[in-house]
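Visitor:
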Amino acid sequence: MKIMENKKNKDKDKNKIKQKILTISMATTLLASSLLFIPHSSGIYYNFEGRNFSNQSQVVDYALTKANKKIEQDKHYYYKYKGKVYSLEEKNQAIEDMIKDAKVKKEMTYRNVGDYVISNSGELSGLVQQAYNDKLVDVYKGKNGNSYVDLDEAAQSYFDFDEVLLTENLNKDSSVPIEFYNESEMIQYLENSKKESLENGEESDCYVVSGICQDEGSVKKWLKSSSTYKYRYKDYEWSNFAPAEIDKIDLNSQDLVYKENIFPHSGNKNAYWLGIDNLGTGAFSGSQFIETNMDNDAVLNKIKHGWSVKQSDTINIFLSPIVGFGTLATMKWDVEDSRNSEEGKWTILDNVFFGDEEAYENFFTDVESKSGINLIDSISGDLYYENIEKDLTGIGKNMDSQTKTLVFFRKLANASLMKNNSQNEKLMLEFENLCKETLRNVIDTGSENTKAAYDELFKLDNPSIAVDDIINVFLNPAAFQYKDDAGREGFYKFMVEANKVVDAVMAPVDTLTNIVDGTYDYLGKRKKDKLTHQNRLDIIDARTEMIKSTYGENEFIKADDGQYYTRDELIRINESDVTNVDIGADRNIKFNDPNASKLKKITKGFNAVQIAWELGNKLSPFKMKTMSLDFGEGQELLYTYMSFSLPFAGEINKHDPSEYITPTFLYKGVGGKDEKGFRVKGSYFNNETDAINYMKTLMIRNPEEYSQISKFTVSIMDKNEEMAISNDGYTSVEEQLDEFIDNIFKKYYANTKQRYFTDGFGNKFDNQIDAIASMRENISKKNFIRKYQWTDKLGIKRNYDTYVEMKEVQDIYIKNTYIDQKKVISSDLISEIDYNKLDEQTGSQNEYYSLIDGTKKRYFKTYEDACAFVVNKNQFELNIDEVTNIYITYNGDIFESEQSFMLWVKENTKVTNKKGEEINYVN
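Taking our numbering, I'd label the letters of the sequence shown as residues 12 to 934.
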């Protein structure tokens, strides 16, 4: 089973050790009835190895006296399922038996399996199943929002046109073509303005196009309406004449456009801070900052009773470096930040801008101009800066200055997403950059050791890591274990750098393993009272290396005496602790007398980082137990400690982490209750489909930003003319189109200009008399230049000579521009015709897996998900029995137990009479 082989390295952490001591009694009563209570009769002897004894008891005593007993400890490793025992080598067979019993099988459905996931374990709702006669049908969205199975019917709901009459513009200073929507206005224009112009002997500029004499404006109008924009995304190409249909744009989570613009976003709820004082008995990691809909009483109850044991394999390799890095950062804040006042006072001026009033005032101005949030107006309520400062100051010393700053920016970021920022994407990116730059000035202590990691974390113009994500690194790192692969990809570079930082700090810990092995037994009990002097020197050396890897040469670090020291001074203080250091069974460095050291806080911080590091270190030799307090949506506080157990008695050092936690209410959710969703360019959406469709809309609206090809094109005299569209920010697309049309006009038509008398119907004459006569005749016969006109989405009027041609072209345009199309399951149309309410299908059958759980049938997204459920459901774990074996050796022979030895003695004892003759004696 491949999935189980991939988890091989996790078995050690995952399984609970069960110990049994199986000791075979040495009491001689085992054979009492057959050996020891045979009565002695006169004249009867018991002969063993040529010696006579008066009774069997003497035989046994003699044999035991000559025998040697050997006691050996052994461990038996095995798996157990349904009462059957499996060896280590039979592990996969045990799993296969479980899966077979659960009847795991593949099933198929037209439905999008991903839409029916109901847990992060990949379990699906039963609605994923389809009816036996279901099929996929295409439906189209009409202008009324209803679904049509006929594309032509949907297009007809958008169909619209005008009948227009064209003539020349008599204003020489204008290039706007003249159009009339009724004959009377056209006739009035010709009989008045045009006739007067001809009678005054005025000639017109004439450019012959398609046999018709037109003025410059009419020619350019025709060129402009005939031109198209052309864009390409992947293999799909569209233009202004045939704009991209949203469903034909292949945008998925693997695309760069998706990864750089669409991101999960947690709901905006009430916020709490979980203050911790664990006295060094274990290590907390994960989420201290909690956003939830719970009230205070519910939060208190959750803290007291909501803990559960977390399987170590769910604490993934992705989470460990982020937790370790965040823990290391907060540890450094605690000993480096001189801005933490004794009273816990916090202000934006002092704690965010370090007293720089100009930067402080500019920040307020920029926040309002970019995000629309007014922090200095008291009517802003919870967002009024004085109220924010009052709330964060009220928390007191339980939260350090940097953490309060992170809470402030979380509130600010949440508020910015509570409105749709459509068409304000550029300003929202500038707002994100402003927050990132400001936060880095507060968070980054300037250490060269962490510079590369912070460079990746705070990179500007990088929407894949938002302000929200940066805050989660420090306040809610547990959230990252629930990110999917697409969501994690933007963090890989940061994770690599973060891992380097944590590994460099923790590498010296590996050198302490031998000291632990020599000091503690497998139950964590101390084998010797004191460490050797060399042991203590090794511990000091390890901590020196940890200090070097954490702090820069020029950094000043606050010790427990309240004084600030350079790194080298701190190392000398560390060396002075040589007689005071000790080590725990979990490799944590301790003190014999904590009050005698100036490095208690620093050491406690290193120990907390180590616990996070051990979680991701699959080669760690220690059995770490992790308890979880899960508030949902990735908000999980972890408490990790080294666990020890006794046979049959279970864990002997149980912890109650709730004793160390005090919750503090921070603020109510900005904008009211809202659910988890997605953010796109500063706007918030409840589900991924809406987010993707919005992104596609942006791609159509701003194709220059996302397409691989961007150009104008027009066909002239069987030639295609093109011009690339520049995105330099200086010239608008419309201005560039006018430039393109001017160039085409100059190239093909400017040199063909002639001066003629015209009749307003596209005919040219050498004299005004003939022109006037032609005009009157055409008016009489109503030979107007008649066009069937419709206006496209970009406002370009398109004229056609016949209704049939116009209808055909407009139908194509409507279908390519306005009509949304998707595949749905036929049975869904019985109960719903609203297009937006119908679930879209992928167009092909998708596999999923079912299994039997007791009397219930469950469904899972993948085979691996189903197998994982079965294994977890059966509490499949490695059992370890500790067995005491007793062996008897007698004259070179080995007996596996005392019982087998005594049976052998009995079999080799002869009952004889005085003459030495063997007799049969029956008791």
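All residues carry an ideal CB built from backbone N, CA and C; glycine is no exception. Since the model is a prediction, treat every value here as computed from it, not as a measurement.
Quick one: residues in its chain with C-beta nearer than 8 Å to the C-beta of Lys437, no 5 flanking neighbours on either side, listed in chain order?
Guide: No residues qualify anywhere along the chain.
Visitor: What number of angstroms, rounded off, separates the C-alpha of Phe776 from the C-alpha of Ile260?
Guide: Cα to Cα, Phe776 sits roughly 53 Å from Ile260.
Visitor: In chain order, what residues of the same chain have a beta carbon less than 7 Å from the beta carbon of Val691, not counting five sequence neighbours either side?
Guide: Closer than 7 Å at Cβ, skipping near neighbours: Asn272, Ile273, Ala702, Tyr705, Met706.
Visitor: Can you give the Cα-Cα distance for Arg243 and Ile711, rounded to whole angstroms?
Guide: Near 11 Å, if we compare the C-alpha coordinates of Ile711 and Arg243.
Visitor: Could you tell me the alpha carbon to alpha carbon distance between Phe768 and Asn211, rounded to whole angstroms?
Guide: So the two alpha carbons sit approximately 11 Å from each other.
Visitor: Can you give me the Cβ contacts of Thr40 inside the same chain, cut-off strictly under 7 Å, excluding the 5 residues immediately before and after it?
Guide: Because Thr40 sits at a pLDDT of 38, beneath the cut-off of 50, its placement in the model cannot be relied upon, and the following sentence gives the value as read from the coordinates. Around Thr40: no qualifying Cβ.
Visitor: Using 8 Å as the threshold, is the segment 153-162 in touch with the segment 723-731, meaning 3 or more CB pairs across them?
Guide: Because the criterion of three Cβ pairs below 8 Å is not met, the segment 153-162 and the segment 723-731 do not touch.
Visitor: Gln167: which of Lys833, Val820, Gly643 sits nearest, CA to CA?
Guide: Out of Lys833, Val820, Gly643, Val820 has the C-alpha closest to the C-alpha of Gln167.
Visitor: Cα-Cα, which of Ile454, Glu508, Val507, Glu443 is closest to Asp479?
Guide: When only C-alpha atoms are compared, the closest one is Glu443.
Visitor: For His276, write down the residues that DSSP places opposite it in a beta bridge.
Guide: Beta-bridge pairing links His276 to Gly688.
Visitor: Buried or exposed for Tyr192, going by 16 or more other Cβ atoms inside 10 Å?
Guide: Flag for Tyr192 reads exposed.
Visitor: Mapping the DSSP letters down to three states, classify Arg537 as helix, strand or coil.
Guide: Strand at Arg537.
Visitor: For Asn591, does the three-state DSSP call read helix, strand or coil?
Guide: Coil at Asn591, not helix or strand.
Visitor: Any idea if Met119 is buried or exposed, counting beta-carbon neighbours within 10 angstroms, 16 or more meaning buried?
Guide: Looking at its Cβ environment, which holds fewer than 16 other Cβ atoms inside 10 Å, Met119 is exposed.
Visitor: State the Cα-Cα distance for the pair Lys511 and Ser458, rounded to the nearest angstrom.
Guide: Straight-line Cα distance between these residues: approximately 14 Å.
Visitor: Is it true that the CB of Ser236 sits closer than 8 Å to the CB of Ile807?
Guide: Yes, these two residues count as a Cβ contact at 8 Å.
Visitor: Can you check whether the CB of Asn585 is closer than 8 Å to the CB of Gln621?
Guide: No. Outside cutoff.
Visitor: Pull up the DSSP beta-bridge partners for Ser319, would you.
Guide: Per DSSP, Ser639.
Visitor: What whole-angstrom Cβ distance do Gln765 and Cys217 have, given they're in contact under 8 Å?
Guide: At roughly 5 Å, the Cβ-Cβ gap stays under 8 Å, so Gln765 and Cys217 are in contact.
Visitor: Is it right to say Thr543 is buried, meaning 16 or more other beta carbons lie within 10 angstroms of its own, or is it exposed?
Guide: So Thr543 ends up on the exposed side.
Visitor: From Glu467, Ile613, Ser837, Ile198, pick the residue whose C-alpha is nearest to that of Ala142; which is it?
Guide: Answer by Cα proximity: Ser837.
Visitor: Apply the 10 Å Cβ neighbour rule to Val187 and answer buried if 16 or more other Cβ atoms are within range, or exposed otherwise.
Guide: Looking at its Cβ environment, which holds fewer than 16 other Cβ atoms inside 10 Å, Val187 is exposed.
Visitor: Between Lys559, Ala424, Ala340, which has its C-alpha nearest Val484's C-alpha?
Guide: Per the Cα distances, Ala340.
Visitor: Is DSSP giving Val916 helix, strand or coil here?
Guide: Correct three-state label for Val916: helix.
Visitor: I need the boundaries of the alpha helix (DSSP H) containing Met734, first residue and last residue.
Guide: First-last for Met734: 730-735, but that is the beta strand (DSSP E), not the alpha helix (DSSP H).
Visitor: Would you mind listing the beta strand (DSSP E) stretches within the segment 133-173 that are 3+ residues and don't spill past its ends, in chain order?
Guide: 147-152, all fully within the segment 133-173.
Visitor: In terms of alpha-carbon separation, which member of Glu888, Tyr671, Met817, Ile736 lies closest to Asp318?
Guide: Before going further, note that residue 318 is Trp rather than Asp in the sequence given. Minimum Cα distance to Trp318 is reached at Tyr671.
Visitor: Which residue wins for smallest C-alpha separation from Thr239, given the options Glu909, Ile752, Leu889?
Guide: Selected option, being the one with the closest Cα: Ile752.
Visitor: Between the alpha carbons of Phe906 and Lys925, how many angstroms are there, rounded?
Guide: If you take the alpha carbons of Phe906 and Lys925, they lie about 32 Å apart.
Visitor: From what residue to what residue does the alpha helix (DSSP H) around Phe442 run?
Guide: 436-454 is the extent of the alpha helix (DSSP H) around Phe442.
Visitor: Excluding the 5 residues preceding and the 5 following Ser204 in the sequence, name in chain order all residues of the same chain whose CB lies nearer than 7 Å to its CB.
Guide: For Ser204, where only same-chain residues beyond five positions count, the Cβ hits under 7 Å are Leu181.
Visitor: Thinking C-beta only, is Asp572 closer than 8 Å to Lys609?
Guide: Yes, these two residues count as a Cβ contact at 8 Å.
Visitor: What's the gap between the Cα of Glu227 and the Cα of Ala424?
Guide: Glu227 and Ala424: Cα-Cα distance of roughly 54 Å.
Visitor: Residues in its own chain within less than 6 Å of Gly407 by CB, not counting five upstream and five downstream?
Guide: Hits under 6 Å: Gly355.
Visitor: Indicate whether Asp845 and Val835 have their beta-carbon atoms separated by less than 8 Å.
Guide: Taking 8 Å as the Cβ cut-off, Asp845 and Val835 do not qualify as a contacting pair.
Visitor: Count the other CB atoms within 10 Å of the CB of Leu471; is the residue buried (16 or more) or exposed (fewer)?
Guide: Label assigned to Leu471: exposed.
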